[in-house]
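Engineer: So the protein lines, in turn, are chains H and A. Going by the numbering used here, the first residue of the first sequence is number 1, and it counts up by one from there. Going by the numbering used here, the first residue of the second sequence is number 1, and it counts up by one from there. Positions of the beta carbon are idealized from the N, C-alpha and C atoms, including for glycine.
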Amino acid sequence: MTDPTLIRNFAIVAHIDHGKSTLADRLIEVCGGLSEREMKSQVLDSMELERERGITIKAQTVRLAYKARDGLTYQLNLMDTPGHVDFTYEVSRSLSACEGSILLVDASQGVEAQTLANAYLAIEAGHEVVPVLNKIDLPAAEPQRIKAQIEEVVGIAAEDALEISAKTGEGVAEVLETLVEKLPAPVGDRTKPLQALLVDSWYDSYLGVVTLVRVREGVLRPGQKILMMAAGRSYKVDQVGVFTPARENVDELGPGEVGFLTASIKTVADCQVGDTVTDDGNPTQSALDGFKPSVPVVFCSLFPADAADYEDLRESLAKLRLNDSSFVFEPENSQALGVGFRCGFLGLLHMEIVQERLDREFDLNLIATAPSVVYRLHMRNGSLLELHNPSDYPDVMKIASIEEPWIKASIMVPDQYLGAILSLCTERRGEQVELTYVGNRAMVIYRLPLNEVVFDFYDRLKSVSSGYASLDYELDGFRESDLVKVTILVNAEPIDALSLIVHESSAEPRGRAMCQRLKDLVPRQLFKIAIQAAIGGKVIARETVGAMRKDVTAKCYGGDATRKRKLLDKQKKGKKRMRQFGNVEIPQSAFISALKMSED
Amino acid sequence: MAQLAVYIHWPYCLNKCPYCDFNSHVAETIDHAVWQRSYGREIAYWADRIGPANVTSVFFGGGTPSLMAPDSVAACLQAVASAWDLADDAEITLEANPTSVETGKLAAFRAAGVNRLSLGVQALNGAALNFLGRQHDVAETRVAIETAAQLFDHWSMDLIYARPDQTVADWISELEDALTYEPEHISAYQLTIEKGTPFFADHRAGVFELPEEEAGAAFYDETNARLQDAGLARYEISNYARPGAESQHNLAYWFARDYVGIGPGAHGRLMLNGAVRATRQIAAPAGWLDAVQRDGHGTQEEAMLDVLQLRDEVAMMGLRLSTGIDKAAFAARVGIPFERAFSQTRLLSLQAEGLLAIDAHSARATAQGLVRLNSLLVYLLSR
Ligand SMILES: Nc1nc2c(ncn2[C@@H]2O[C@H](COP(=O)(O)OP(=O)(O)OP(=O)(O)O)[C@@H](O)[C@H]2O)c(=O)[nH]1
Ligand SMILES: C[S@@+](CC[C@H](N)C(=O)[O-])C[C@H]1O[C@@H](n2cnc3c(N)ncnc32)[C@H](O)[C@@H]1O
Ligand code: SF4
Ligand SMILES: [Mg+2]
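1. Residues of chain A with a CB under 8 Å from the CB of Ala-530 (chain H): which are they?
2. How many Å lie between Asp-600 (chain H) and Leu-349 (chain H) at the Cα?
3. Strictly below 7 Å CB to CB, what residues from chain H border Arg-320 (chain A)?
4. Are the region 174–190 of chain A and the region 262–275 of chain A touching, with three or more C-beta to C-beta distances below 8 Å?
5. Compute the distance between the beta-carbons of Glu-255 (chain H) and Val-199 (chain H), then report whether it is under 8 Å.
6. In its own chain, which residues sit with a C-beta less than 6 Å from the C-beta of Ile-495 (chain H), not counting the 5 before and 5 after it?
7. Hey, is the region 56–68 of chain H in contact with the region 235–251 of chain H, meaning 3+ C-beta pairs nearer than 8 Å?
8. Do we get a CB-CB distance below 8 Å when we pair Asn-250 (chain A) with the residues of chain H?
9. Helix, strand or coil: which one does DSSP assign to Glu-599 (chain H)?
10. Beta carbon of Asn-134 (chain H): closer than 7 Å to some heavy atom of ligand 1?
11. Using only the alpha-carbon positions, how far apart do Leu-67 (chain A) and Thr-141 (chain A) sit?
12. Go ahead and label Gly-536 (chain H) buried or exposed: buried means 16 or more other beta carbons lie within 10 angstroms of its beta carbon, across all protein chains shown.
13. For the region 212–222 of chain A against the region 539–551 of chain H, are there 3 or more C-beta pairs whose distance is under 8 Å?
14. In this structure, how does DSSP classify Pro-184 (chain H) when only helix, strand and coil are distinguished?
15. Taking Phe-581 (chain H) as the query, report the chain A residues whose CB atoms sit under 9 Å from its CB, ordered along the chain.
16. Met-397 (chain H) to Leu-448 (chain H), Cα distance in whole Å?
17. What residue from H:Leu-302, H:Pro-509, H:Lys-570 has the CA that sits closest to Arg-542 (chain H)'s CA?
18. Give me, in chain order, the residues of the same chain whose beta-carbon lies closer than 7 Å to that of Tyr-120 (chain H); leave out the 5 immediate sequence neighbours on both sides.
19. Roughly how many whole angstroms lie between the Cα atoms of Ile-421 (chain H) and Gly-467 (chain H)?
20. Have a look at Leu-212 (chain H) and Leu-261 (chain H) and give me their C-alpha separation to the nearest angstrom.
21. Using three-state DSSP, classify Ser-383 (chain H) as helix, strand or coil.
22. In angstroms, rounded to a whole number, what distance separates the CA positions of Ser-677 (chain H) and Gln-114 (chain H)?
23. Span of the beta strand (DSSP E) holding His-127 (chain H)?
24. Report the start-end ranges of each beta strand (DSSP E) in the region 42–120 of chain A that is 3 residues or longer and not cut off at the edges.
25. So with Cβ pairs under 8 Å, would you call Asp-600 (chain H) a contact of chain A?
26. Curious, which full-length alpha helix (DSSP H) runs of at least 4 residues does the region 479–543 of chain H contain?
27. Would Ala-375 (chain A) count as contacting chain H if we go by Cβ distances under 8 Å?
28. Anything with a beta carbon under 6 Å from a heavy atom of ligand 3 counts; list them all in chain order.
29. Apply the 10 Å Cβ neighbour rule to Gly-511 (chain H) and answer buried if 16 or more other Cβ atoms are within range, or exposed otherwise.
30. Would you list the one or two residues that DSSP bridges to Val-346 (chain H)?
31. Given the structure, does Gln-109 (chain H) come close to ligand 4, in the sense that its CB is under 7 Å from one of the ligand's heavy atoms?
32. Comparing the C-beta of Thr-197 (chain A) with each C-beta of chain H, is any distance below 8 Å?
33. At a cut-off of 7 Å, is Gln-42 (chain H) close to ligand 4 when judged by its beta-carbon and the heavy atoms of the ligand?
34. For the region 23–51 of chain A, enumerate the residues whose C-beta is nearer than 9 Å to any C-beta of chain H, in chain order.
35. Work out the CA separation of Met-271 (chain A) and Val-80 (chain A) for me, nearest whole Å.
36. Closer than 7 Å, Cβ to Cβ, to anything on chain H: give me those residues from the region 51–63 of chain A, in chain order.
Below is the structure:
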C-alpha cells in the first residue's frame, strides 16, 4: 500500500492527435514501465483498430513508479484519453478518477475545438490543469504564440507552460517533476469502509469481466466480499491488480489508488460504470455520485448478414457494451433485413467504431442502416412519442407537430476557410450564434439541426477546410420543424429499412437519389419494377427497372432434364436470400449496397 | 400399348469442339463389332424391363453417330424391332457431321434404315467454322447438305449463332444462305458457354466477348422473324419446322413421354409400375462396355422422381414448346391436376403480366414468356 501523499492521479487530455498517447509512451519509458524491447509507439493504443487508425478509442490507465528529485518514489496513475468528440464520455469518466490533468496542446496547431471542450471538462471536474505544449521539435511550432492563445481562449495561465516534444523526449522529465509538485495528492481514510468508484469495465476472454476502480476510502483486497451498490449484487473478489502497463496483481488497493478487480462476474449488466463498489459486510453509508448517463444521439439498425448469427450478435453487443457503456441497443424486426437491433451511439465515429469492432473482434458480418437521430412527436391525443427509428413513424394524421434535436457546434478554422464553413453551415439550416477571432483563426458557434450533421457534415467540414477545421458540439435542445418521412417503395410496397426522416426542403433530392441508387442496384428480372419515393401517399420520385429481355436456355433435350432440374433447385434455394416485394424478389445485397452508399 | 422413344448414344468424335460439353470422346481405335454387340445387349435388357411398347422414334445422337459403322446402325434397328413394335413410318434420325468422309456414308445409313438426317452444319462461314473448332470447311459442308437433301425426305440442320464479332445482319445473311437449301427443319442455337469447356476459360479470360442480353434478344427476334417468313414455324425455343416436319423424337422429350436411353451417358424417363424413373447410363465408354459385358446393361443410376420433381420437369420441358403443356397429359404424367400443382397467385400474376397463356386445355408461355423462360420457371416453381 502506498501513502496517499505519495500518489498523483492525472489524465492527459487534448484535441485529437495532439500527442497524448505519444506522451504516455515517453512517461512509461522514463519510469521504466516497459523494457526497450516491449516498447512500441502509442503502446496504450492496444486495440487493433486504434493502431490502424492511429487514434485512441478507449481510455487506458497505467501505474508508474517515479523517483522524483526530492528522493521520494511516487506512484503515478496516468490515464490516456481519446481526443475525438464522440468519446468525450470516456474522458469524463477518466477525469473522475483523478485530481489533475495535463492539457496537451500541439505547439504548431494551437487550441482546437476539443482542446477547449476537454479543458472545460477538467476544470469542471475540479482538476488542477497543467498546460503543456507539445511537438516543439516541429519547425512550425510557435510556443509563444500558442501560450498566449491558451490564455486568451481557454482562460488559464500558460506563461510557464512546459515546452516538450513527446516524440524526441525533450522536456518530458520536467513534466514528471511538475506533476509531483503541482498536483494535489488524493485524500482518503483506509480505516473507513470501502468506497470505490467503478470507472470502467470490459470483457477479457481470459479473465472474464475486468473492472477498473478508483478507491476513495477503505481497502480492496482479494477474497473480500464486495457489493455493487446500484446493481445490488455482491461478489467475492478473485484478483486485485494494476497495469504497469503489463497486468500485475497486488495485495491491496488503498485510498487514492487506481486498479482493477476480477470477481467471476458473469452478468455484464452488474458492472455499470459509475456504480460504487463497497464491502458487502461493512458497506459505506454514502454511494458516490456516479456519472451522468451518456445520451446516444445517433441511431442506426444493425442486422446480421446471415440470420443465423442473430444470437451471436446479441451476445456480442452485450459484451461490447460492457466495454463501452455509452452505446445502447434493443431488438428490432425489419421486413427487408430480418431480425436485428436498433442501436444508439454518441456520434458517427462512435457508430463506425462499434460496427468495426463487431466485425473484427466478434467476426460478425453486419448490415447497417443509415444513421438517424431521435425525434419528438407530439401526437394529437396529447401524448409525446420519442422516435428512434423512421420505420416506427406513426400515421401522419395523428401527429400534431414534430421536434428535432439541435446542437451547438463550435468550429475553429483558419480564416481563409471561414467563407466555405459559413456557407456549409447555412446550407445545413444552421444559425450563427457567434464569430470571434484569435489571431488568424476564427471560432464560430452555430446552432444546427443534428439531423443535418449526421449526414456527412463532418466529412464536408474537413474537405472544405482542407482538413484544418475542428469541430466540437453539444446537444442544444429540441425545436419544432417541418420534417417529413420519405418512404421508399418497391412495386408499391414500402421498404422499412430505407425510409428517411428529412426536412421538407431536402425530401425530394434525397428521395430521388435513393431511387436512382436502387435502380442501379436491383437486377433486372421477370417483372418490371417500380421504385418510388413518397411522402405519405404522394410520390415525389420514381424510377423503373425494366423487365429482363432474355433469359432462356438455348438447348434442352432428354439428357439435359436432370441437370436442368438440379440447376432449377439451386436457383430456387437462392431465392431464400431474396426479399419478396409483391411480384419481385430483391437480393438483400441490393439493400445493403443502397445503405452503404447512403453513408457516403 | 405404351409409346416409347429410343435414344442411342454414340460417344466418339473426330475431334472435341471447344464449346461442347456433351459426352463425347476422341479415340484412336474403335472396335465396331464390340459396340454393335453391346448396344444389342442393352436394348434387350431394357426390352425385358419395359415390356411391350410401340416405338415411335429412334434417335442416334452423339458424339458423332455418322462415325458409326452403317451395319451397326442396322443392327441396332433390328434389335429395337425385335424388342418392341417398330412401325414402318417411325422416325429414325441420325446426327451427322458434314465432313467429306461422313458424307460418303450417308447412302449406307439410309440403306440401314435411317429416314431422317440431322446435319451439324453450325455455320456457313469459314472463319466461324474455324473458331468453333469444326473439322469441315464451307465447301465440304455445302456438299454434305446437298447430299443429305438428295438422299433424305426428311432432314434438318443445326446452326449456332451470336458468335463473337457476328452482327445480326451477318447472321441473317448466313441464315438466308442456309434457307436456299430449303430445309424442312432447322435447329438454331445461340452459342452457350458451358462450364468446363475450353470456351468457358477463354471467355472468362476475355479472349472473346459475346453479345449482351439485349443484343442476344435482337439475334433471337430476328431469327424468329426470318424463319417464320420462310415458312418454318418456331415450335420449340430453338427449333423451327414446316408444319408436320417437327422432330417426333425430340417432341417426346418436351411432351414428357417415355424414352429409353441406350449407350454411354444416355438418360431415360420411364413410367414403370406407375412411377416415373430417371435412368442414367455409365458415361465413360470403356466403363459402359465393361458393365454391359458383365451385367447386360450399363445403368449407373435409376431414381424415382417424386411429384414435385416430376412437376418441375414436365413444366420445364413443356413450356419450351409453342403449344405448351397439355393439361390432361400433365395430370396423367404427374398424378395431380395442373391447377393444383402450382401456386394460383403465381399463375395469375404470370398471366396478368402476359408471360403465360392458360386456357381450358393447355398452358403455354407467350412469346414474351418464352424468352424469359428460366426466370419464369424459377418464379413459378419456387415456393
Ligand atoms: N513531430 C512530433 N510529432 C508528434 C509529437 N507527439 C506526437 N506526435 C505525432 O502526432 C501523431 C498523433 O499522436 P498520438 O499520440 O496518437 O495523438 P493522440 O493525442 O493520442 O491522438 P488521439 O488519441 O487520437 O486523440 C502521431 O503521428 C505522433 O507520432 C511530437 O512531439 N512531435
Ligand atoms: C448433340 S450436339 C452435336 C451433334 C454433332 N456431333 C455435331 O457437332 O454436329 C447437337 C447440337 O447442339 C448444338 N450445340 C452443342 N453445343 C452447343 C453450345 N455450347 N452452344 C450452342 N449450341 C450447341 C450444336 O448445334 C450441335 O449440332
Ligand atoms: S462434333 Fe458434336 S458432339 Fe463432337 S465435340 Fe463437336 S459438337 Fe460435340
Ligand atoms: Mg491517443
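Structural biologist: In short, the structure shows the following:
1. Residues of chain A passing the Cβ test: none, with the nearest at roughly 13 Å.
2. Annotation note: pLDDT 41 at Asp-600 (chain H) (below 50); position unreliable, coordinate value reported separately. When rounded, the distance between both Cα atoms is 13 Å.
3. Under the 7 Å cutoff, chain H gives Cys-556.
4. The count of Cβ pairs closer than 8 Å, one atom from the region 174–190 of chain A and one from the region 262–275 of chain A, stays below three, leaving the stretches out of contact.
5. Residue 255 (chain H) is actually Pro in this sequence, not Glu. Val-199 (chain H) sits away from Pro-255 (chain H), with the two beta carbons spaced by 8 Å or more.
6. Within the same chain, Ile-495 (chain H) has close Cβ partners Ala-336, Ile-488.
7. Judged by Cβ distances under 8 Å, the region 56–68 of chain H makes contact with the region 235–251 of chain H, as three or more pairs qualify.
8. Chain H contact via Cβ: present.
9. Note on Glu-599 (chain H): pLDDT 44, under 50, position unreliable in the model; the coordinate value appears next. DSSP places Glu-599 (chain H) in helix when its eight states are reduced to three.
10. A heavy atom of ligand 1 is found nearer than 7 Å to the CB of Asn-134 (chain H).
11. If I take the Cα positions, the gap works out to 16 Å.
12. Exposed, because fewer than 16 other Cβ atoms sit within 10 Å of the Cβ of Gly-536 (chain H).
13. Short answer: they touch.
14. Three-state result, Pro-184 (chain H): coil.
15. Neighbours of Phe-581 (chain H) across chain A, judged by C-beta separation under 9 Å, do not exist; the nearest C-beta is about 13 Å away.
16. When rounded, the distance between both Cα atoms is 28 Å.
17. When only C-alpha atoms are compared, the closest one is H:Pro-509.
18. Correct list: empty, nothing qualifies.
19. Spanning the two alpha carbons is a distance of roughly 12 Å.
20. Taking the straight line joining both Cα atoms gives about 7 Å.
21. The DSSP-derived three-state label of Ser-383 (chain H) is coil.
22. Because chain H spans 1 through 600 in this model, residue 677 (chain H) falls outside it and cannot be assessed.
23. Counting along the chain, His-127 (chain H) falls outside any beta strand (DSSP E), and DSSP gives it neither H nor E.
24. Restricting attention to beta strand (DSSP E) runs no shorter than 3 residues, the region 42–120 of chain A encloses them at 54–62, 85–96, ordered along the chain.
25. Caution applies to Asp-600 (chain H), whose pLDDT of 41 falls short of 50 and renders its modelled position unreliable; the model cannot decide the point.
26. Within the region 479–543 of chain H, the runs of alpha helix (DSSP H) that reach at least 4 residues and sit entirely inside it are, in chain order, 504–521.
27. Here the sequence assigns Ser to residue 375 (chain A), which means Ala is not the residue at that position. Chain H, which has a Cβ nearer than 8 Å to the Cβ of Ser-375 (chain A), makes this yes.
28. Spelled out in chain order, the answer is A:Cys-13, A:Lys-16, A:Cys-17, A:Cys-20, A:Phe-22, A:Ser-24, A:Gly-62, A:Gly-63, A:Thr-64, A:Asn-97, A:Gly-120.
29. Taking every protein chain shown into account, the CB of Gly-511 (chain H) has 16 or more other CB atoms within 10 angstroms, so this residue is buried.
30. The question names Val, yet the displayed sequence has Leu at residue 346 (chain H). The partner list for Leu-346 (chain H) (beta bridge, DSSP) is empty, contrary to what the question assumes.
31. No, ligand 4 has no heavy atom inside 7 Å of this Cβ.
32. Closer than 8 Å: no.
33. With a cut-off of 7 Å, the C-beta of Gln-42 (chain H) is classified as near ligand 4, since at least one heavy atom of the ligand falls inside that distance.
34. Taking 9 Å as the Cβ-Cβ cut-off against chain H, the residues of the region 23–51 of chain A that qualify are Asn-23.
35. C-alpha separation (whole angstroms): 19 Å.
36. Against chain H - using a Cβ distance shorter than 7 Å - the region 51–63 of chain A contributes no residues.
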